[in-house]
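A.B. asks:
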Amino acid sequence: YQELGVQTTTAQEDIRRAFRQLAKIHHPDKPSGDPYEFRKIREAYDVLKDDSKRAKYDKEYRDAQRS
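Quick note on full-length UniProt numbering: the sequence shown kicks off at 1 and runs consecutively.
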């Protein structure tokens, strides 16, 4: 969530919008692009765009917070 600048309650469409906005800035094909930053936001988006991966991530995060 932090990589994309969104909250845990953010809707899928808004997550997609945040990813696209950041991808335009950090894409490696851009002159000022940052491959490392792009990879981080891509990996975050890959988890958050998939409902089952997102649910698993949220559960693991909550469990870690309780420990």
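C-beta atoms are modelled at their ideal positions from N, C-alpha and C, and glycine is treated no differently.
Predicted, not measured: the structure shown is a model, and the values here were computed from it.
Counting pairs of beta carbons, one from the region 37-50 and one from the region 12-29, are three or more of them closer than 8 Å?
C.D. replies: Yes, since at least three Cβ pairs between the region 37-50 and the region 12-29 fall closer than 8 Å, the two stretches touch.
A.B. asks: F19 to Q7, Cα distance in whole Å?
C.D. replies: Using only the alpha carbons, I get a separation of about 13 Å.
A.B. asks: Helix, strand or coil for V6? Go by DSSP, reduced to three states.
C.D. replies: V6 falls in the coil class under three-state DSSP.
A.B. asks: When burial is assigned at 16 or more other CB atoms within 10 Å of the CB, is Y61 buried or exposed?
C.D. replies: Classification of Y61: exposed, given that the 10 Å Cβ count is below 16.
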